Every structure is written in C-alpha cells, then in structure tokens.
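Residue numbers (the numbering used here): 24 to 243.
Structure first, then comments.
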C-alpha cells in the first residue's frame with residue numbers, strides 16, 4: 024500500500040510537472056511547427072505527427088538534461104550556444120531553401136515507413152540544434168524544480184515520460200487540427216504552400232544566424 028501511494032505521489036508530482044514542461048517547450052511556433060503544418064496540408068497527419076514526434080524526442084532530451092540536473096551537458100550547451108546556434112541556423116536556412124524550391128506532392132495513399140522515418144529524423148536534427156530550447160528548459164525547471172535521479176529514480180522516470188508525452192500531445196493536436204483543413208486543398212491550389220513555409224523556415228534560420236553573429240561580435 025505504501026509503495027503504491029509513493030508511486031502515485033511521484034506520478035502526480037513528476038509526470039504532471041514533465042507534462043507541463045513538455046507542452047510548454049513544444050507550443051512556441053518555430054521551424055518545426057511550420058514543417059509540421061506543411062506536412063499535414065500536403066501529406067496528411069501521419070507524416071506531420073512523425074515530424075512532431077521527432078521534435079518531442081529533442082524536447083525530451085533537453086528536458087532530461089535540465090530536469091535531472093545533468094550539469095555537464097547543460098554547461099556545454101550554454102558555453103557553446105553560439106556555435107550550436109550557428110550550425111542549427113544554417114541547417115534551418117538550408118531546409119527552408121530546399122522547401123521553397125521543392126514541388127508540392129499531395130499524398131492520397133498509404134504512407135511509407137521510410138517516409139515517416141525521414142520526417143522524424145529531419146525534425147530531430149532541426150530541433151536538437153536549437154540551444155534556445157535548452158535555455159527554455161533550464162528556465163522552466165528552475166521554476167518547477169529539478170529531480171535528483173539518484174535519490175528518486177522513479178520520479179525521474181515519470182518526469183522524462185511526462186516531458187515526452189506533453190510535447191507529443193501538442194504535436195498530435197497541431198497535426199490533427201491542420202490536417203482537417205487538408206480536404207479543402209487540391210494540388211493546383213497549393214503552389215504557395217512550399218514557398219510560404221520555405222520562406223518562413225529560411226527566415227527563422229537567418230534570424231538565428233544573425234542573432235548568433237551579433238552575440239559573437241558583442242563578445243569579441
């Protein structure tokens with residue numbers, strides 16, 4: 024009985040805390056959100072949600088570092104924020120340019136597993152190179168409180184599960200909501216989709232690069 028009560032308390036405190044943090048990390052609109060919206064309109068919710076799960080994995084990785092107090096990793100990310108930011112900015116800029124130049128292909132049939140894998144991996148690579156997410160996670164867990172993984176491993180597990188679940192819920196909501204609009208579009212009505220989404224993604228990458236260059240100049 025005592026073990027059940029303790030597990031329930033850890034679930035209530037740690038899982039719900041992680042749930043809130045994961046949702047908060049995922050909700051801001053950025054390159055991955057634009058990518059998810061584009062996937063939902065052009066290909067349907069499975070590919071959009073696959074991209075969202077990639078971002079959720081990256082959010083969870085940042086949540087693990089920030090929420091469990093893995094200081095060596097968090098210090099590395101903050102110390103090399105400008106370098107990581109530049110790499111991420113270039114990656115996002117390149118993704119935006121490729122998206123802008125590519126043709127819209129409506130997917131009306133079954134979704135291939137390798138296509139879902141590419142969407143997942145692409146979102147992970149974009150999201151994991153965004154040091155702002157780590158900084159946001161550090162700030163959120165400073166407010167919500169961290170967990171000592173050695174003193175409370177069960178609570179640490181629920182915290183990590185909560186971060187992933189919270190982020191995944193946001194991406195499921197976004198992918199599902201946008202894909203409901205998909206039936207209103209046809210291929211001939213979507214020539215603007217890649218151009219608009221590509222321009223927004225490229226602009227996001229350019230802004231990140233500009234911000235990192237400005238920081239480097241100020242630090243010099």
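Just so you know, even glycine gets a beta-carbon here, dropped at the ideal spot from N, CA and C.
Since the model is a prediction, treat every value here as computed from it, not as a measurement.
Buried versus exposed, by CB contacts within 10 Å (16 or more), residue i
{"i": "residue 171", "result": "exposed"}
{"i": "residue 153", "result": "buried"}
{"i": "residue 176", "result": "exposed"}
{"i": "residue 74", "result": "buried"}
{"i": "residue 165", "result": "exposed"}
{"i": "residue 125", "result": "exposed"}
{"i": "residue 140", "result": "exposed"}
{"i": "residue 132", "result": "In this predicted model, residue 132 has a pLDDT of only 49, less than 50, meaning its place in the structure is not dependable enough to derive any value."}
{"i": "residue 240", "result": "exposed"}
{"i": "residue 90", "result": "buried"}
Supposed contact pair residue j and residue i - C-beta distance, whole angstroms, cut 8 Å
{"i": "residue 148", "j": "residue 114", "result": "7 Å"}
{"i": "residue 116", "j": "residue 225", "result": "5 Å"}
{"i": "residue 145", "j": "residue 77", "result": "7 Å"}
{"i": "residue 9", "j": "residue 49", "result": "The displayed coordinates of the chain run from 24 to 243. Any statement about residue 9 would go beyond what the structure contains."}
{"i": "residue 197", "j": "residue 56", "result": "7 Å"}
{"i": "residue 178", "j": "residue 37", "result": "4 Å"}
{"i": "residue 71", "j": "residue 201", "result": "7 Å"}
{"i": "residue 167", "j": "residue 40", "result": "5 Å"}
Candidates the options: closest to residue i by CA position
{"i": "residue 123", "options": "55, 236, 215 and 178", "result": "215"}
{"i": "residue 62", "options": "192, 217, 40 and 156", "result": "217"}
{"i": "residue 42", "options": "236, 160 and 198", "result": "160"}
{"i": "residue 220", "options": "142, 60, 36 and 48", "result": "60"}
{"i": "residue 195", "options": "46, 230 and 39", "result": "46"}
{"i": "residue 230", "options": "111, 36, 193 and 72", "result": "111"}
{"i": "residue 109", "options": "69, 121 and 151", "result": "151"}
CB contact below 8 Å: residue i versus chain C
{"i": "residue 233", "result": "Absence of chain C from the displayed structure is noted, only one protein chain being present."}
| Residue ranges of each alpha helix (DSSP H) within the region 168 to 229, 4 or longer | 176 to 202
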